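If you use this note's numbering, the sequence shown closes out at 803, no skipped numbers anywhere.
Remarks on the structure that follows.
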Amino acid sequence: MYVIDVIPIAKGITRETLSYFTSKEIVPGGIVTVLIRNKKIRALVVSATSVADSKTKIKSSEYALRKIENLEKQELLLPSFIAATTEAARYFATTTGVVLHALLPKAILESLPKTTVIIPAKETTQHTDHSLKYVIQTEEEERFSHYKSLIREEFAKKSSVLFILPTIEETERTAKLLEKGIEKYTFTMHGDVPRKDFLSRWNMITSTEHSILIVATGLGFCLPRSDIGTIIVDREASRTYKMSMRPFLDLRTFAEIWSKHMQARLLFGDNFLRVETLWRHSNDELIELSPLKYRSLSEAQQRIIDMRRYKSVNGTTFTVVSDELKELIRQTREKNERLFIFTVRRGLSPLTLCGDCGSVAYCEYCTSPVVVRTAFEVNVFVCNKCGAKRSAEERCKVCTSWKLVPLGIGIELVERELKLYFPDLEIFVVDKDRTPTRKRRSDTVSKFLITPSSILLGTEVCVSHIHGKIDNIAIISIDSLFSIPDFRIHEKILNLLLALRSLTSGTFLLQTRNIGEQVLEYATKGNLLDFYRREIAERKQFSFPPYSTLIKISRSGVREVIEKEMAKLSDHLNVYSPHVFPAFVAMIKGRYIMHALIKVPHGEWVDEKLLEKLTQVPPQFSINVDPESIL
173 MYVIDVIPIA
183 KGITRETLSY
193 FTSKEIVPGG
203 IVTVLIRNKK
213 IRALVVSATS
223 VADSKTKIKS
233 SEYALRKIEN
243 LEKQELLLPS
253 FIAATTEAAR
263 YFATTTGVVL
273 HALLPKAILE
283 SLPKTTVIIP
293 AKETTQHTDH
303 SLKYVIQTEE
313 EERFSHYKSL
323 IREEFAKKSS
333 VLFILPTIEE
343 TERTAKLLEK
353 GIEKYTFTMH
363 GDVPRKDFLS
373 RWNMITSTEH
383 SILIVATGLG
393 FCLPRSDIGT
403 IIVDREASRT
413 YKMSMRPFLD
423 LRTFAEIWSK
433 HMQARLLFGD
443 NFLRVETLWR
453 HSNDELIELS
463 PLKYRSLSEA
473 QQRIIDMRRY
483 KSVNGTTFTV
493 VSDELKELIR
503 QTREKNERLF
513 IFTVRRGLSP
523 LTLCGDCGSV
533 AYCEYCTSPV
543 VVRTAFEVNV
553 FVCNKCGAKR
563 SAEERCKVCT
573 SWKLVPLGIG
583 IELVERELKL
593 YFPDLEIFVV
603 DKDRTPTRKR
613 RSDTVSKFLI
623 TPSSILLGTE
633 VCVSHIHGKI
643 DNIAIISIDS
653 LFSIPDFRIH
663 EKILNLLLAL
673 RSLTSGTFLL
683 QTRNIGEQVL
693 EYATKGNLLD
703 FYRREIAERK
713 QFSFPPYSTL
723 IKISRSGVRE
733 VIEKEMAKLS
743 DHLNVYSPHV
753 FPAFVAMIKG
763 RYIMHALIKV
773 PHGEWVDEKL
783 LEKLTQVPPQ
793 FSINVDPESI
803 L
């Protein structure tokens, strides 16, 4: 008989390991099924000892040991991957089991008997520059030229390459760009691959003796290929790398941890890397693969339209479509070209104010402003946070006035205006409401690309589906983004503008009422160096990353209860001076939300004493290390 310690691969289990007994001899790294709260759960074996050697442990156990349900697989994961998940769990103040649950494909965990795994007795690498971390900052075409050279180099060394991307669309597109000549040895892995195909690809990846190229989302890290010599993380500045739910992993950070344990070369690449990454490069933490380009060039003819000159007589309305954009639409149709019109918000208008008292129309269950949308030719108020709907035919909740004025520009309003000026214009629309699935978005963009003289109207979810250049691109407005009080918002705006500009082959037109915003000038001129200098100076002034590691602890529920619990949390962490405050949208679905923010000086996280205190925090609190937003 043996006593084994296992890491449960599941959410909601706060203990790092649990103990069970079995009559089978199981080596560490095996996958077993155990019973937890009357539910069968996969678990990773981390140690196994005979009962004779574990008598003291058995006697001191708080609970009677249970028998495992079944041995599923003697080996599944590389030791380096397991070590990386353990280190990542410490960094993100969570458990190894939760990290494993986030990174292991469900298709594999549920089909273990059908999986092929060939793990060598010892992991080796042929690299002389192992564990070195590189960066590359330049346009996509030049970046991919470097990537192809690296892949050829690794194949010549009989090593494999893991290429990580933030989205499924970019994974599929990148595989097509890189597979030429090595189609037989190129594999794509992401969450939309059907289970049967996923299992088949897994088995081919693990059993192919030749060097391979794996193009994947974060699911690619767990693949048991011990010969990976280079890990490439492209689109490094994408916010999608940061998980929005527990355990709030940042896949870029995990790639760095895993590359160290794999002794593999790591490369981060993008048009414009994150400010933190550039700062690390300037402090010799990261090596440049080639000289970083701080001047982003574009072949597009760029125009910034000052929308402040479009004023109505009575001041109650404003212009959505400028004369310059109307002319661009006419030229697009005359030349049989295509035009992508980008807008930030969904609905008709993202904000509604009372014209008498100035009060904002809010959701009845949240503190989020409602958005005006059209449903069956009738205007309704919709909350983008909780989805609640109600008629827009109502009085002001504060002064009972009927004078409710919609403000801002939503995609439905833009579509209405375009049809008013160009009734026969063919418009394709991509947003979360009308194209809720990835396939529908991709199909809509494809139809637009084969339809001359057409318009594609879309929000941010549309951008990653556009592959290749578009004749003309116009931005209706991004002004609403400037009102978001987040320390990363200027970086987000710059990256969005650079991405749209890079897709343009003809005219790039930007409408704005914030004509004096320096970010707009930096983006249109491609002046990345001055933007970085300004941004890094502001972050240093307020001790934001990279000058600190942020830890955000959140709790939601009944307001009175939450305020008391956050006060207790503040006392528990008082040595670290937590700043406690309500969330930017403090009420969602009737639940009040508060945050506590801790700033750990650069280089001091993981702090063992703070980590211990965080592990003592009840599971009702969520802990987010390196949050994308503090709001």
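Beta carbons are placed, not taken as given, at the ideal position from N, Cα and C, and that holds for glycine.
On a predicted model such as this, the values are computed, not experimentally measured, just so you know.
**Q.** Whole-angstrom distance between C394 and M479, CA atom to CA atom
**A.** Locating residue 479 in the sequence shown gives position 307, counting from the first residue. Locating residue 394 in the sequence shown gives position 222, counting from the first residue. Rounded to the nearest angstrom, the two C-alpha atoms are 50 Å apart.
Q) Exposed or buried, Y593, counting other C-beta atoms within 10 Å across all chains shown (16 or more means buried)? A) For this step, residue 593 is matched to residue 421 along the sequence shown. That one is exposed.
Q: Please check the pair R518 and D603, which I expect to be a contact at CB under 8 Å, by giving their CB distance rounded to whole angstroms.
A: Looking up residue 518 in the sequence shown gives position 346. Looking up residue 603 in the sequence shown gives position 431. Indeed, because the Cβ distance is near 5 Å, the residues count as touching under 8 Å.
Q) If T425 sits next to D798, beta carbons under 8 Å apart, how far is it from one beta carbon to the other, in whole angstroms? A) As a first step, residue 425 must be located in the sequence shown, where it is residue number 253. As a first step, residue 798 must be located in the sequence shown, where it is residue number 626. T425 to D798, Cβ: 7 Å. Contact.
Q. Helix or strand or just coil, what does DSSP make of L458?
A. Residue numbering aside, residue 458 sits at position 286 when the sequence shown is read from its first letter. L458 falls in the coil class under three-state DSSP.
Q) Between the C-alpha atoms of T288 and P718, what's the straight-line distance to the nearest angstrom? A) Counting from 1 along the sequence shown, the entry for residue 288 is found at position 116. Counting from 1 along the sequence shown, the entry for residue 718 is found at position 546. Going from the Cα of T288 to the Cα of P718 covers about 42 Å.
Q) Can we count I622 as close to the ligand ATP, meaning its CB is less than 7 Å from some heavy atom? A) In the structure on display, the ligand ATP does not appear, and there are no ligands present to speak of.
Q | Counterpart residues of H774 in DSSP-defined beta bridges | A | To locate residue 774, count along the sequence shown from 1; it is residue 602. DSSP, once it has assigned bridges, lists no residue as partnering H774.
Q. Taking the alpha helix (DSSP H) that N375 falls in, what are its first and last residues?
A. Reading the sequence shown from its first residue, position 203 is the one you call residue 375. Counting along the chain, the alpha helix (DSSP H) containing N375 begins and ends at 367-379.
Q) DSSP on G392, reduced to helix/strand/coil? A) Start at 1 with the first residue of the sequence shown, and residue 392 comes out as number 220. The answer is helix: DSSP assigns G392 an H, G or I state.
Q.
Going by DSSP, what residue range makes up the alpha helix (DSSP H) through E683?
A. If you number the sequence shown from 1, residue 683 lands on position 511. In the sequence as presented, Glu is not what sits at residue 683; that position holds Gln. Not the alpha helix (DSSP H): Q683 falls in the beta strand (DSSP E), residues 676-684.
Q) Short check: CB of L421 to CB of E428, under 8 Å? A) Within the sequence shown, numbered from 1, the residue matching residue 421 stands at position 249. Within the sequence shown, numbered from 1, the residue matching residue 428 stands at position 256. No, they are not a contact pair.
Q: Round the Cβ separation of H362 and L391 to the nearest angstrom and send it over; I've been treating them as touching at under 8 Å.
A: For the purposes of this step, residue 362 is identified with residue 190 of the sequence shown, where counting begins at 1. For the purposes of this step, residue 391 is identified with residue 219 of the sequence shown, where counting begins at 1. H362 to L391, Cβ: 6 Å. Contact.
Q. I240 by DSSP, collapsed to three states: which one?
A. Against the sequence shown, residue 240 aligns to sequence position 68. Correct three-state label for I240: coil.
(Q) Going by C-alpha to C-alpha distance, which of V552, F703, K356 sits closest to R467? (A) One-based indexing of the sequence shown puts residue 467 at position 295. That would be F703, whose Cα lies nearest to the Cα of R467.
Q.
My output table needs one value for Y140: the three-state DSSP class, helix, strand or coil.
A. Beyond the ends of the chain as shown, which are 173 and 803, falls residue 140; an answer cannot be given.
Q. Using DSSP with H/G/I as helix, E/B as strand and the rest coil, what is S252?
A. The residue labelled residue 252 in the question sits at position 80 within the sequence shown. Three-state result, S252: helix.
Q.
Just to confirm the assignment, what range does the alpha helix (DSSP H) spanning D495 have?
A. In the sequence shown, residue 495 corresponds to position 323, counting from 1. D495 -> alpha helix (DSSP H) spans 495-506.
Q) Which residues in the same chain as G202 place their Cβ atom closer than 7 Å to its Cβ, once the five residues preceding and following it in sequence are excluded? A) Counting from one through the sequence shown, the residue named residue 202 turns up at place 30. Same-chain partners within the cutoff: V217, L243, K245, Q246, E247.
Q: Count the CB pairs spanning the segment 362-382 and the segment 277-284 that are closer than 8 Å, and state whether there are at least three.
A: yes
**Q.** Cα-Cα separation, Q732 to E536
**A.** Taking the sequence shown and counting its residues from 1, one reaches residue 732 at position 560. Taking the sequence shown and counting its residues from 1, one reaches residue 536 at position 364. Inspection of the sequence shows that residue 732 is occupied by Glu rather than by Gln. Going by the C-alpha atoms only, they are around 19 Å apart.
Q | Given S636 as reference, the closest of S410, H273, V333 once Cα atoms are compared | A | Position 464 of the sequence shown holds residue 636. Per the Cα distances, S410.
Q: Determine the burial state of A293: buried for a count of at least 16 other Cβ atoms within 10 Å of its Cβ, exposed for fewer.
A: Taking the first residue of the sequence shown as position 1, residue 293 is located at position 121. Reliability fails at A293, whose pLDDT of 47 lies under 50, so the model's placement of it is uncertain and the value that follows must be treated cautiously. Counting Cβ neighbours within 10 Å, A293 comes out exposed, since fewer than 16 surround it.
Q | L350 versus K611 - alpha carbon distance | A | Against the sequence shown, residue 350 aligns to sequence position 178. Against the sequence shown, residue 611 aligns to sequence position 439. Each residue's Cα considered, the two are about 23 Å apart.
**Q.** Alpha-carbon spacing of I323 relative to L190, whole angstroms
**A.** On the sequence shown, position 151 is the one that residue 323 refers to. On the sequence shown, position 18 is the one that residue 190 refers to. Spanning the two alpha carbons is a distance of roughly 42 Å.
Q. Among all the DSSP beta bridges, which residues are the ones paired with D177?
A. Along the sequence shown, one-based indexing puts residue 177 at 5. S191, S219, per the DSSP bridge assignment.
Q) Should L469 be labelled buried (16 or more other beta-carbon atoms within 10 Å of its own) or exposed? A) The residue you call residue 469 lines up with position 297 of the sequence shown. Classification of L469: exposed, given that the 10 Å Cβ count is below 16.
Q) With DSSP run on the structure shown, which of helix, strand or coil describes S715? A) Along the sequence shown, one-based indexing puts residue 715 at 543. Here S715 sits in coil by DSSP.
Q) If you drop the 5 nearest sequence neighbours on each side, which residues of the same chain put their C-beta closer than 6 Å to that of R446? A) The sequence position of residue 446 within the sequence shown is 274, counting from 1. The answer, listed in chain order, is A409.
Q | Coarse secondary structure for F793, derived from DSSP in three states | A | Taking the first residue of the sequence shown as 1, we reach residue 793 at position 621. Coil.
**Q.** Residue range of the alpha helix (DSSP H) that includes C526
**A.** Here residue 526 refers to the residue found at position 354 of the sequence shown. No alpha helix (DSSP H) contains C526, which is instead part of the beta strand (DSSP E) from 523-526.
Q | Residues that DSSP places opposite Y764 in a beta bridge | A | Taking the sequence shown and counting its residues from 1, one reaches residue 764 at position 592. DSSP, once it has assigned bridges, lists G729, M759 as partnering Y764.
Q: Grab the span of the alpha helix (DSSP H) containing F620 for me, first residue to last.
A: To locate residue 620, count along the sequence shown from 1; it is residue 448. Start and end: 610-621.
**Q.** DSSP state of V271 mapped onto helix, strand, coil
**A.** As a working note, residue 271 is residue 99 in the sequence shown. Helix at V271.
Q. What's the call for S728, buried or exposed, on a 16-neighbour Cβ count within 10 Å?
A. For the purposes of this step, residue 728 is taken as residue 556 along the sequence shown, with counting starting at 1. S728 should be labelled buried.
Q | Where L464 sits in the DSSP three-state scheme | A | Position 292 of the sequence shown, counted from the start, is the residue given in the question as residue 464. L464 falls in the coil class under three-state DSSP.
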